[in-house]
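Q: Note that the sequence shown covers residues 148 to 736 in this note's numbering. Ideal placement from N, C-alpha and C gives every residue a C-beta, glycine not left out. Source: prediction; values computed, not measured. Take a look at the following structure, please.
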Amino acid sequence: MEKVELPVHNHPLIPFTRFHHGLCAGCWSDSNGYIYGGYICNELGCNSVFHKECAESAAEINHHSHPNHPLKLFLAYKPFDCSLCGDSPRVGYSCSICDFKLDLSCARQPPPPQPAALEDFMVHEHPLILSNRREVELTLLKSNCKVCETSFFNSRQIYHCHQCDFLFHKECVELFPEAYHTCHPKHPLKFLTCGPPGYAEQKCLLCGKEFEEQLHHCDVCNFSICKRCARNPPPIGVVSPKTHEHTLHLVPRVVDFTCNACGTQGDRSPYFCLQCNFMIHRDCIDLPRVININRHDHRISYTSYLGHGSWTCGVCRKKVDGFYGAYFCSKCPSYAVHSRCATRYDVWDKIELEGTPEDIEDIAPFIVIDDYTIKHFSHDHNLKLNKDGDILQEDRLCEACVFQIYNDPYYSCEQCDFVLHETCANMSRKKRHVSNNIPFTLETDSSRDSPRQQNQCTICNKYFTGFRYTSTYLTLDVWCGSFSEPFFHKSHPHPLYYKYERHRSPDANGEHQSCDMLCCDECPFTMDFKCAFLPTKVMKHRYDDHPLILSYGEDNVDASYWRLLVSYARTHSFKRKLIWSSGSQHFYL
Numbered sequence: 148m149e150k151v152e153l154p155v156h157n158h159p160l161i162p163f164t165r166f167h168h169g170l171c172a173g174c175w176s177d178s179n180g181y182i183y184g185g186y187i188c189n190e191l192g193c194n195s196v197f198h199k200e201c202a203e204s205a206a207e208i209n210h211h212s213h214p215n216h217p218l219k220l221f222l223a224y225k226p227f228d229c230s231l232c233g234d235s236p237r238v239g240y241s242c243s244i245c246d247f248k249l250d251l252s253c254a255r256q257p258p259p260p261q262p263a264a265l266e267d268f269m270v271h272e273h274p275l276i277l278s279n280r281r282e283v284e285l286t287l288l289k290s291n292c293k294v295c296e297t298s299f300f301n302s303r304q305i306y307h308c309h310q311c312d313f314l315f316h317k318e319c320v321e322l323f324p325e326a327y328h329t330c331h332p333k334h335p336l337k338f339l340t341c342g343p344p345g346y347a348e349q350k351c352l353l354c355g356k357e358f359e360e361q362l363h364h365c366d367v368c369n370f371s372i373c374k375r376c377a378r379n380p381p382p383i384g385v386v387s388p389k390t391h392e393h394t395l396h397l398v399p400r401v402v403d404f405t406c407n408a409c410g411t412q413g414d415r416s417p418y419f420c421l422q423c424n425f426m427i428h429r430d431c432i433d434l435p436r437v438i439n440i441n442r443h444d445h446r447i448s449y450t451s452y453l454g455h456g457s458w459t460c461g462v463c464r465k466k467v468d469g470f471y472g473a474y475f476c477s478k479c480p481s482y483a484v485h486s487r488c489a490t491r492y493d494v495w496d497k498i499e500l501e502g503t504p505e506d507i508e509d510i511a512p513f514i515v516i517d518d519y520t521i522k523h524f525s526h527d528h529n530l531k532l533n534k535d536g537d538i539l540q541e542d543r544l545c546e547a548c549v550f551q552i553y554n555d556p557y558y559s560c561e562q563c564d565f566v567l568h569e570t571c572a573n574m575s576r577k578k579r580h581v582s583n584n585i586p587f588t589l590e591t592d593s594s595r596d597s598p599r600q601q602n603q604c605t606i607c608n609k610y611f612t613g614f615r616y617t618s619t620y621l622t623l624d625v626w627c628g629s630f631s632e633p634f635f636h637k638s639h640p641h642p643l644y645y646k647y648e649r650h651r652s653p654d655a656n657g658e659h660q661s662c663d664m665l666c667c668d669e670c671p672f673t674m675d676f677k678c679a680f681l682p683t684k685v686m687k688h689r690y691d692d693h694p695l696i697l698s699y700g701e702d703n704v705d706a707s708y709w710r711l712l713v714s715y716a717r718t719h720s721f722k723r724k725l726i727w728s729s730g731s732q733h734f735y736l
């Protein structure tokens with residue numbers, strides 16, 4: 148993919164022909180619903196998107212609002228206040244002589260009409276004056292538009308009646324009461340403010356969103372679209388060579404179809420190629436060709452046809468139809484992912500890798516000195532491997548997981564008391580994890596002389612010390628960070644998969660709570676991460692000198708022993724901790 152250096156952004160940008168839902172980083176506008184055919188940043192964690200006209204803004208302009216001096220394009224380090232509308236973007240035009248600045252939207256506004264008053268008695272009985280946001284009193288901006296009854300939050304130009312002190316959206320005035328639309332040129336569409344008629348569709352024909360109160364409607368053809376699609380109509384024809392070799396044409400009508408790009412059903416307004424009998428959702432146009440997802444260790448690539456075979460999606464675990472578009476792994480012949488699952492916001496990191504060479508190896512966590520000696524990145528000295536099954540003293544803990552060294556192989560330092568489990572020493576320094584679409588980095592405490600740094604794991608909510616995996620605002624302990632799908636636990640016969648659940652708490656407040664769970668696809672079994680990574684054996688407890696073995700279910704537990712232990716705990720009044728619950732029996736330590 149060809150990257151372009153443009154002055155509106157700090158990173159190179161790449162052009163795209165897809166529909167993108169979100170704000171333009173140049174003018175801070177969402178174009179009333181989506182951006183089509185602009186530029187996107189391909190840097191990890193940035194994902195800035197620009198309208199084509201914003202990204203290609205001229206380096207210098209002359210503007211009617213500041214006629215005495217030319218204005219030059221600039222990218223600010225922090226948001227600035229536009230001299231006309233008061234918005235605070237980071238890209239705009241400035242005067243090198245005066246303290247005058249314009250954002251990109253105001254810079255594109257044409258001169259106001261002469262005279263500036265609009266006399267349209269179908270909207271209001273008095274003349275309306277077109278004003279900039281800064282020319283309207285702040286108290287008036289807190290009111291709503293007298294046509295659509297919504298706020299002026301994103302409005303830059305507003306019609307104002309000075310006699311009544313009423314405000315109107317510019318779009319509401321100019322689209323009221325009838326207007327022709329590119330998707331329905333046969334008849335004008337009427338602007339309705341009381342919802343769709345009873346006989347009409349309750350959803351927008353173009354975007355499928357349910358109507359609130361305002362819509363544009365043709366009662367002759369029973370054609371209804373929302374206000375956003377009326378202001379920002381989708382293109383009638385789309386040319387996207389990566390998607391299809393021919394021009395795709397919009398079919399603005401209710402029609403059931405199967406999208407060739409993702410294999411899912413659609414019920415309205417597809418893009419269609421008559422030559423090839425090819426239909427596609429508008430959101431599936433220009434899907435990325437090569438990407439990384441957080442459910443797989445290798446890159447996956449898009450194909451329009453998987454072919455014959457039994458495929459199961461690596462994200463949702465449902466069947467993948469090989470006769471429609473999907474993603475596959477060139478290194479794992481049986482791995483496939485639905486197009487929509489692979490490009491979900493919580494799965495894909497938003498980086499397109501087509502034409503980018505693949506890293507052959509990840510950064511190794513250590514340098515091999517010899518068969519029994521390594522130099523680990525977390526320690527200044529060499530570490531020796533020990534496989535003799537020695538059990539170290541109780542206070543000798545693994546620096547990574549902060550668990551005791553039992554009879555497992557471990558690395559130790561001959562110059563100090565630093566020890567690592569062999570498995571912990573092999574933990575990847577970079578890792579993809581299901582809890583975030585941005586990769587995680589393994590971090591250690593900077594100094595062993597200071598007290599261990601305490602962190603809270605984002606997934607299991609436990610406080611811990613030792614190594615940690617971090618990504619953006621998330622922190623995981625090494626146990627939760629080592630999780631990968633499918634996950635097998637000795638307490639359950641089926642594989643478990645990650646699920647982020649949102650539910651109401653059972654208390655009186657009824658607030659929404661979120662939690663990360665492990666769920667079974669075959670039965671109603673769930674487990675949280677705190678229980679999933681309990682150690683299988685604890686060598687010593689302060690109330691018992693024998694090893695404690697984690698057991699699963701009543702069949703493996705001597706209930707009389709646990710009842711005795713609970714009775715002892717209650718008698719001696721020390722803090723109890725629930726370690727297992729099965730049916731009506733609860734076992735505590």
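1. Beta-carbon within less than 6 Å of H168's beta-carbon, same chain only, minus the 5 sequence neighbours each way: which residues are those?
2. In the DSSP output, what is E632 paired with across the bridge?
3. Would you say S477 and H445 are within 9 Å of each other, going by their C-beta atoms?
4. For the stretch 580–592 against the stretch 549–562, do three or more pairs of beta-carbon atoms, one drawn from each stretch, fall closer than 8 Å, so that the two count as touching?
5. Between the beta-carbon of P214 and the beta-carbon of E207, is there less than 9 Å?
6. How would you label C627, buried or exposed, when you count the other beta carbons within 10 angstroms and need 16 or more for buried?
7. Does the beta-carbon of S652 have 16 or more other beta-carbons within 10 angstroms, so that it is buried, or is it exposed?
8. According to the neighbour-count rule (16 or more other Cβ atoms, all chains shown, within 10 Å of its Cβ), is E348 buried or exposed?
9. Using the three-state DSSP reduction, which class does R429 fall into: helix, strand or coil?
10. For K677, which three-state DSSP category applies?
11. Looking only at its own chain, which residues have a Cβ that is under 8 Å from the Cβ of V566, when we skip the five neighbours before and after it?
12. Does the beta-carbon distance from Q361 to Q304 come in below 9 Å?
13. Under 9 Å between the Cβ atoms of T490 and L453?
14. If you reduce the DSSP assignment to three classes, tell me which class T286 lands in.
15. In its own chain, which residues sit with a C-beta less than 6 Å from the C-beta of A655, not counting the 5 before and 5 after it?
16. Using the Cβ count rule (16 or more neighbours within 10 Å means buried), how would you classify E602?
17. Got a sec: is the Cβ-Cβ distance from H271 to anything in chain C below 9 Å?
18. Quick check: the Cα distance between M664 and E357, rounded to an integer number of angstroms?
19. According to DSSP, simplified to helix, strand and coil, what is R579?
20. Would you identify the three-state DSSP class for C666, choosing helix, strand or coil?
21. Leaving out five residues on either side along the sequence, give the residues of the same chain with a beta carbon under 6 Å from the beta carbon of N590.
22. Count the C-beta pairs between the stretch 462–470 and the stretch 185–205 that are closer than 8 Å, then say yes if the count reaches three, no if not.
23. Going by Cα to Cα distance, which pick from K577, D527, H568 and N533 is closest to Q562?
24. With DSSP as the reference, please indicate the residues paired to E325 in a beta bridge.
25. Using alpha carbons as the reference points, say which of F338, D250 and N529 lies closest to C173.
26. Could you tell me which residues DSSP pairs with T459 in its beta bridges?
27. To the nearest angstrom, report how far apart T459 and C420 are at their CA atoms.
28. Closer than 8 Å by C-beta to Q412: which residues in its own chain qualify, once you throw out the five before and the five after it? Chain order, please.
29. Answer with buried or exposed for R165, where buried requires no fewer than 16 other C-beta atoms within 10 angstroms of its C-beta.
30. Which runs of the beta strand (DSSP E), 3 residues or longer, sit entirely within the stretch 174–227?
31. State yes or no: is the C-beta of P382 within less than 9 Å of the C-beta of G185?
32. Using the Cα positions of S698 and V515, report the straight-line distance between them to the nearest angstrom.
33. Based on the DSSP secondary-structure assignment, which residues constitute the bridge partners of I438?
A: Well, looking at it:
1. Here residue 168 refers to the residue found at position 21 of the sequence shown. Cβ within range, chain order: Y181.
2. Mapped onto the sequence shown, residue 632 falls at position 485. Answer is none; E632 lacks a bridge partner.
3. For this step, residue 477 is matched to residue 330 along the sequence shown. For this step, residue 445 is matched to residue 298 along the sequence shown. Yes, the pair counts as a contact, with Cβ atoms nearer than the cut-off.
4. Judged by Cβ distances under 8 Å, the stretch 580–592 makes no contact with the stretch 549–562, as fewer than three pairs qualify.
5. Taking the first residue of the sequence shown as position 1, residue 214 is located at position 67. Taking the first residue of the sequence shown as position 1, residue 207 is located at position 60. Contact flag unset, no.
6. In the sequence shown, residue 627 corresponds to position 480, counting from 1. Note on C627: 16 or more other CB atoms within 10 angstroms of its CB, so buried under the neighbour-count rule.
7. Translated into positions along the sequence shown, residue 652 becomes position 505. In this prediction, S652 has a pLDDT of 44, which is less than 50 and means its spatial position is unreliable; what the coordinates show is noted afterwards. S652 should be labelled exposed.
8. Within the sequence shown, residue 348 is the residue found at index 201, counting from 1. Burial check for E348: the Cβ neighbour count within 10 Å reaches 16 or more, so the residue is buried.
9. Here residue 429 refers to the residue found at position 282 when the sequence shown is read from its first residue. Shown here, R429 sits in a helix according to DSSP, grouped into three states.
10. Within the sequence shown, numbered from 1, the residue matching residue 677 stands at position 530. Here K677 carries a helix assignment [DSSP, helix/strand/coil].
11. Taking the sequence shown and counting its residues from 1, the one referred to as residue 566 is at position 419. Closer than 8 Å at the Cβ level, and outside the excluded window around V566, lie L539, R543, L544, C545, E546, I552, Y557, Y558, S559 and C560.
12. Indexing the sequence shown from 1 puts residue 361 at position 214. Indexing the sequence shown from 1 puts residue 304 at position 157. No, Cβ-Cβ distance for Q361 and Q304 is not below 9 Å.
13. Within the sequence shown, the letter at position 343 stands for residue 490. Within the sequence shown, the letter at position 306 stands for residue 453. When the beta-carbon positions are compared, T490 and L453 stay at least 9 Å from each other.
14. Start at 1 with the first residue of the sequence shown, and residue 286 comes out as number 139. Reduced to three states, the DSSP call for T286 is helix.
15. Here the question's residue 655 lines up with position 508 in the sequence shown. Per-residue confidence for A655 stands at a pLDDT of 41, beneath the threshold of 50, marking its modelled position as unreliable; no derived number is given.
16. By 1-based counting over the sequence shown, the position of residue 602 is 455. Residue identity check: residue 602 is Asn in the sequence provided, not Glu. It counts as buried.
17. Here chain C cannot be found, since the structure has a single protein chain.
18. One-based indexing of the sequence shown puts residue 664 at position 517. One-based indexing of the sequence shown puts residue 357 at position 210. Roughly 32 Å separates the two Cα atoms.
19. By 1-based counting over the sequence shown, the position of residue 579 is 432. Correct three-state label for R579: strand.
20. What you label residue 666 is simply residue 519 of the sequence shown in a count that begins at 1. Here C666 sits in strand by DSSP.
21. As a first step, residue 590 must be located in the sequence shown, where it is residue number 443. Note on identity: in this sequence residue 590 is Glu, with Asn being the wrong assignment. Closer than 6 Å at the Cβ level, and outside the excluded window around E590, lie R615 and T617.
22. Too few Cβ pairs lie closer than 8 Å, so no.
23. Taking the first residue of the sequence shown as position 1, residue 562 is located at position 415. If we check each option's Cα against that of Q562, D527 comes out closest.
24. Taking the sequence shown and counting its residues from 1, one reaches residue 325 at position 178. Partner residues in the beta bridge of E325, as assigned by DSSP, are K337.
25. Numbered from 1 along the sequence shown, position 26 holds the residue referred to as residue 173. A quick correction: the sequence has Gly, not Cys, at residue 173. Looking from the CA of G173, the closest CA among F338, D250 and N529 belongs to D250.
26. Position 312 of the sequence shown holds residue 459. According to DSSP, which records beta bridges pairwise, T459 is partnered with K466.
27. As a first step, residue 459 is located in the sequence shown; it is residue number 312 there, counting from the start. As a first step, residue 420 is located in the sequence shown; it is residue number 273 there, counting from the start. In a straight line, the C-alpha of T459 is about 29 Å away from that of C420.
28. As a working mapping, residue 412 is identified with position 265 in the sequence shown. Closer than 8 Å at the Cβ level, and outside the excluded window around Q412, lie D403, F404, T405 and C406.
29. As a first step, residue 165 is located in the sequence shown; it is residue number 18 there, counting from the start. Buried: at least 16 other Cβ atoms inside 10 Å.
30. Runs of beta strand (DSSP E) with 3 or more residues, each lying fully within the stretch 174–227, are found at 186–188, 207–210 and 213–222, listed in chain order.
31. Mapped onto the sequence shown, residue 382 falls at position 235. Mapped onto the sequence shown, residue 185 falls at position 38. Taking 9 Å as the Cβ cut-off, P382 and G185 do not qualify as a contacting pair.
32. As a working mapping, residue 698 is identified with position 551 in the sequence shown. As a working mapping, residue 515 is identified with position 368 in the sequence shown. So the alpha carbons of these two residues sit roughly 38 Å apart.
33. Indexing the sequence shown from 1 puts residue 438 at position 291. In the DSSP output, where bridge partners are listed per residue, I438 has I447.
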